Amino acid sequence: MEKLIVLTLQGMLVKDKADKNVAVVIGASGGIGSAILRKLCLDNTYTDVIAVSRNISDVGKHPTVGDANVLSIETDYTPESVESVVEQLSLFRGNISKVIICNGVLHDQDIWPEKRLEEITADNMVSIFTANSITPMLFLKSLISAVKGQKKCVIALLSARVSSLQDNRLGGWYSYRASKTALNMLVKTASIEYARRANNVKFILYHPGTVDTNLSKPFQSKRVKKLLDPDDVAARLLQKMSQVNLDDDLAFIDWEGYEINW
Ligand SMILES: NC(=O)c1ccc[n+]([C@@H]2O[C@H](COP(=O)([O-])OP(=O)(O)OC[C@H]3O[C@@H](n4cnc5c(N)ncnc54)[C@H](OP(=O)(O)O)[C@@H]3O)[C@@H](O)[C@H]2O)c1
Numbered sequence: 124m125e126k127l128i129v130l131t132l133q134g135m136l137v138k139d140k141a142d143k144n145v146a147v148v149i150g151a152s153g154g155i156g157s158a159i160l161r162k163l164c165l166d167n168t169y170t171d172v173i174a175v176s177r178n179i180s181d182v183g184k185h186p187t188v189g190d191a192n193v194l195s196i197e198t199d200y201t202p203e204s205v206e207s208v209v210e211q212l213s214l215f216r217g218n219i220s221k222v223i224i225c226n227g228v229l230h231d232q233d234i235w236p237e238k239r240l241e242e243i244t245a246d247n248m249v250s251i252f253t254a255n256s257i258t259p260m261l262f263l264k265s266l267i268s269a270v271k272g273q274k275k276c277v278i279a280l281l282s283a284r285v286s287s288l289q290d291n292r293l294g295g296w297y298s299y300r301a302s303k304t305a306l307n308m309l310v311k312t313a314s315i316e317y318a319r320r321a322n323n324v325k326f327i328l329y330h331p332g333t334v335d336t337n338l339s340k341p342f343q344s345k346r347v348k349k350l351l352d353p354d355d356v357a358a359r360l361l362q363k364m365s366q367v368n369l370d371d372d373l374a375f376i377d378w379e380g381y382e383i384n385w
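So the sequence shown is numbered by our numbering: it starts at 124 and just counts up by one.
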């Protein structure tokens, strides 16, 4: 039977902490984020699945099947709001085994990826870097105390192949490319500090392929070799996260499991 439980954490008592296995999806209303959320809810190994999003009502539109509690936390991704989200996640300190950070903007009602130098504007660059590099980094900054502990925790961040310096043969998409390259460097740097301060945590930077979501919709031309289904990508990413060993190096990998050149 289909079931949807969306609770807010406010005022909620977290009991039986020792038995908990918690997964967190940040940016849970997007095409890939919501597919990951659905998959996690079907996996009975999780007691709690936490959706963090600007659009809690959109998260609620995706009915879930399974036994996990689905909890939602609304955020506007300001630095204060990110801190408050992580404060709430700290109720699950030591029990979080997966965090997937899905945030990413390529275009919106005001922004279109640049094809030419003349299309670059400072305002658009700031917006794209804020969503794609700074917001994920603010989460990594605050999350360390919530994820540190005995339990292995894998944190995956959605990057993109176009962030690769070596792979950049076409040019264009200045802000999006560079913001994801910045994300890669921020995560690499954070992974070094986490290894010292929270060595139960491992990171993955993940290129999901071209996935059928709002982000890719305007670019799904015939030239795209393979348009992937978000549910398929979600399953692949979660499987990869389960296979990660704590002594692995930071991986920048694609949906087929191949390493991407930085
Ligand atoms: N689709 C593809 O072909 C493709 C290819 C390569 C990489 N990616 C990456 O995969 C990730 C997920 O993309 P998607 O395809 O699922 O796109 P999507 O459906 O457009 O989802 C957008 C995501 O970005 C978040 N977001 C939107 N505006 C934001 C803002 N102003 N500040 C912070 N977060 C914001 C959303 O979170 P809320 O839940 O809060 O709305 C959601 O998680 C992105 O990082 C994207 O760069 C996608």
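Glycine residues also receive a C-beta, built at the ideal position from the N, C-alpha and C atoms. Model, not experiment: these values are computed from the prediction.
Residue i beta carbon near ligand 3 (any heavy atom closer than 8 Å)
i: Ala318; result: As presented, the structure is devoid of ligand 3, carrying ligand 1 as its sole ligands.
Nonlocal neighbours in the same chain, by C-beta distance under 7 Å from residue i, ignoring five residues either side
i: Tyr297; result: Glu237, Ile243
i: Lys311; result: Leu373
i: Arg284; result: Asp290, His330, Asp377, Ile383
Buried versus exposed call for residue i [16 or more other C-beta atoms within 10 Å across all chains shown]
i: Ser180; result: exposed
i: Asp171; result: buried
i: Gln343; result: exposed
i: Gln273; result: exposed
i: Gly332; result: buried
i: Arg239; result: exposed
i: Leu350; result: exposed
i: Thr258; result: buried
i: Tyr381; result: exposed
i: Val347; result: exposed
i: Asn384; result: exposed
i: Gln232; result: exposed
i: Val386; result: In the structure as shown, the chain begins at 124 and stops at 385. Residue 386 is therefore absent and cannot be evaluated.
i: Ile315; result: exposed
i: Asn167; result: exposed
i: Ser256; result: buried
Separation of residue j from residue i, as counted between CA atoms
i: Leu194; j: Lys275; result: 21 Å
i: Leu309; j: Arg319; result: 16 Å
i: Ala313; j: Tyr329; result: 16 Å
i: Asp142; j: Ser302; result: 38 Å
i: Glu203; j: Lys264; result: 12 Å
i: Ile223; j: Trp235; result: 26 Å
i: Val367; j: Lys325; result: 8 Å
i: Ala305; j: Asn192; result: 34 Å
i: Leu261; j: Lys221; result: 17 Å
i: Arg292; j: Tyr299; result: 15 Å
Of the listed residues the options, nearest to residue i (C-alpha basis)
i: Val205; options: Leu266, Leu309, Asn218; result: Leu266
i: Ala146; options: Arg292, Thr304, Ala279, Tyr329; result: Ala279
i: Asp290; options: Leu229, Ile149, Asp377, Leu360; result: Asp377
i: Ala317; options: Leu281, Leu306, Ala158, Val277; result: The sequence given here has Tyr at residue 317, not Ala. It is Val277.
i: Val209; options: Thr168, Lys271, Ile155; result: Lys271
i: Ile219; options: Asn323, Asp371, Asp335, Ser286; result: Asn323
i: Leu214; options: Leu288, Asn144, Ile327, Asn307; result: Asn144
i: Leu369; options: Phe375, Ser339, Ala321, Val334; result: Ala321
8 Å CB neighbourhood of residue i in its chain, flanking five on each side removed
i: Arg177; result: Ser152, Glu197, Thr198, Asp199, Tyr200
i: Lys162; result: Asp354, Ala357, Ala358, Leu361
i: Thr336; result: Gly153, Gly154, Ile155, Pro353
Contact set for residue i: own chain, Cβ-Cβ below 6 Å, skip 5 residues either direction
i: Arg216; result: Ala269
i: Ala158; result: Pro353, Asp354, Ala357
i: Pro341; result: none
i: Gly150; result: Gly156, Cys225, Asn226
task = Kindly provide the ranges of any beta strand (DSSP E) runs that are 3 or more residues long and lie completely inside the segment 282-363, ordered along the chain.
result = Taking only runs of at least 3 residues, the beta strand (DSSP E) segments lying wholly in the segment 282-363 are 324-330.
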